[in-house]
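For the sequence shown, the working numbering gives the first residue as 4, with consecutive numbering after it.
Built from N, CA and C at the ideal position, the CB exists for glycine as well.
This structure is a prediction, so every number in the text was calculated from the model and none was measured.
Written out below as structure tokens is the structure these notes cover.
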Amino acid sequence: MEISDQIQYINDHLSSPIVIIGMMGAGKTTLGRKLAEKLGWEFVDSDIEIEREQGISVKDIFETKGEAAFRSLEKEKISKLLDTGHKILSAGGGAITTPETAQKIFTRSISLWIDAPVKTLAKRTIGTGTRPLLAGRDPEEALSERMEQRRHLYQKASLRVDGSADINTVLNKAIGQIYDYLIQNPHGI
Numbered sequence: 004m005e006i007s008d009q010i011q012y013i014n015d016h017l018s019s020p021i022v023i024i025g026m027m028g029a030g031k032t033t034l035g036r037k038l039a040e041k042l043g044w045e046f047v048d049s050d051i052e053i054e055r056e057q058g059i060s061v062k063d064i065f066e067t068k069g070e071a072a073f074r075s076l077e078k079e080k081i082s083k084l085l086d087t088g089h090k091i092l093s094a095g096g097g098a099i100t101t102p103e104t105a106q107k108i109f110t111r112s113i114s115l116w117i118d119a120p121v122k123t124l125a126k127r128t129i130g131t132g133t134r135p136l137l138a139g140r141d142p143e144e145a146l147s148e149r150m151e152q153r154r155h156l157y158q159k160a161s162l163r164v165d166g167s168a169d170i171n172t173v174l175n176k177a178i179g180q181i182y183d184y185l186i187q188n189p190h191g192i
């Protein structure tokens, strides 16, 4: 089946959001924007929305208010964003570590885990200065620890795509997986 036919089927048969989850550097925002463009849907990044509402960066929220305060803001924001369909939502890498947030993502959307090797994640995040959970640490070591803590949560996603390939390959695989999921689950999520 042509990708254009898959896109049409997705648009005709899916009314809930698609939430992209995964580690920092996996490509959630890049894939989310491309997927939203292909489907003609709105793209929303939960971190960017939180920054806009709070008037400061995620890094500054972590530094001034702590991770628990950020996770609380994130839980509220994601809950609100899941109330409307035809939206691609890129959730922060640790969003699924808050049980209430994870439960909402996994029951109110099609969740897509973009998975990538730790070496790829480290390469993509080194030197950005915007990753508070990597501050002062060896990126590969920190990312490896986080992945081990979160892998069992990411594995609960409806779908998984390998994020180490080029973005167009990842995009086409994601569309194919969403289409296949809808064929296998005709009554939705």
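As a quick exercise: from Leu124, Phe109 and Asp50, pick the residue whose alpha carbon is nearest that of Gly95. Residue mapping note: residue 95 aligns to position 92 of the sequence shown, counting from 1. The shortest Cα separation from Gly95 among Leu124, Phe109 and Asp50 belongs to Asp50.
If contact is defined by three or more beta carbon pairs under 8 Å, each pair taking one atom from either stretch, is the stretch 57-75 in contact with the stretch 94-113? yes
Do His89 and Glu2 count as a contact pair if the criterion is CB distance below 8 Å? Residue 2 is absent from the model: the chain starts at 4 and stops at 192.
Residues near Ser107 by beta carbon distance below 7 Å, same chain, minus five either side: For the purposes of this step, residue 107 is identified with residue 104 of the sequence shown, where counting begins at 1. The sequence shown places Lys at residue 107, not Ser. Ile81, Ser82 and Leu85, listed in sequence order.
Helix, strand or coil for Asp48? Go by DSSP, reduced to three states. Position 45 of the sequence shown, counting from 1, holds the residue named residue 48. The DSSP-derived three-state label of Asp48 is strand.
Use the C-beta contact count for Arg149: other C-beta atoms within 10 angstroms, 16 or more gives buried, fewer gives exposed. Walking along the sequence shown from the start, residue 149 turns up at place 146. Burial state of Arg149 is buried, judged by a 10 Å Cβ sphere holding 16 or more other Cβ atoms.
Gln9 classed as buried or exposed, judged by whether at least 16 other C-beta atoms fall within 10 angstroms: Translated into positions along the sequence shown, residue 9 becomes position 6. Classification for Gln9: buried.
How many whole angstroms separate the CB atoms of Ala177 and Leu38, which I take to be in contact at a CB cut-off of 8 Å? Locating residue 177 in the sequence shown gives position 174, counting from the first residue. Locating residue 38 in the sequence shown gives position 35, counting from the first residue. Rounded, the Cβ-Cβ distance is 6 Å, consistent with contact.
Have a look at Val173 and Thr67 and give me their C-alpha separation to the nearest angstrom. The sequence position of residue 173 within the sequence shown is 170, counting from 1. The sequence position of residue 67 within the sequence shown is 64, counting from 1. For Val173 and Thr67, the distance between alpha carbons rounds to 36 Å.
Can the beta-carbon of Leu115 be found closer than 8 Å to that of Ile23? In the sequence shown, residue 115 corresponds to position 112, counting from 1. In the sequence shown, residue 23 corresponds to position 20, counting from 1. Yes.
Using CA atoms only, rank isn't needed, just tell me which of Tyr182, Ser7 and Ala29 is closest to Lys126. Within the sequence shown, residue 126 is the residue found at index 123, counting from 1. Residue Ala29 is the option with its Cα nearest to Lys126.
By the three-class DSSP mapping on this structure, what secondary structure does Leu146 have? Counting from 1 along the sequence shown, the entry for residue 146 is found at position 143. It is helical.
Give a yes or no on whether the C-beta atoms belonging to Lys122 and Glu144 are separated by under 8 Å. Numbered from 1 along the sequence shown, position 119 holds the residue referred to as residue 122. Numbered from 1 along the sequence shown, position 141 holds the residue referred to as residue 144. Result no, Cβ atoms of Lys122 and Glu144 do not sit closer than 8 Å.
Kindly list the residues whose CB is nearer than 7 Å to the CB of Lys78, restricted to its own chain and excluding five residues on each side of it in sequence; keep chain order. Stepping through the sequence shown from its first residue, residue 78 is reached at position 75. Hits under 7 Å: Thr101, Glu103 and Thr104.
Can you give me the Cβ contacts of Glu193 inside the same chain, cut-off strictly under 7 Å, excluding the 5 residues immediately before and after it? Outside the displayed range of the chain (4 to 192) lies residue 193, so it cannot be described from this structure.
Skipping 5 residues on each side, what residues in its chain have a beta carbon closer than 8 Å to that of Leu162? Residue numbering aside, residue 162 sits at position 159 when the sequence shown is read from its first letter. Excluding sequence neighbours, Leu162 sits near Ile113, Ser114, Leu115, Trp116, Ala177, Gln180, Ile181 and Tyr184.
When DSSP labels each residue in this structure, what does Ile186 get in the three-state scheme? For this step, residue 186 is matched to residue 183 along the sequence shown. Reduced to three states, the DSSP call for Ile186 is helix.
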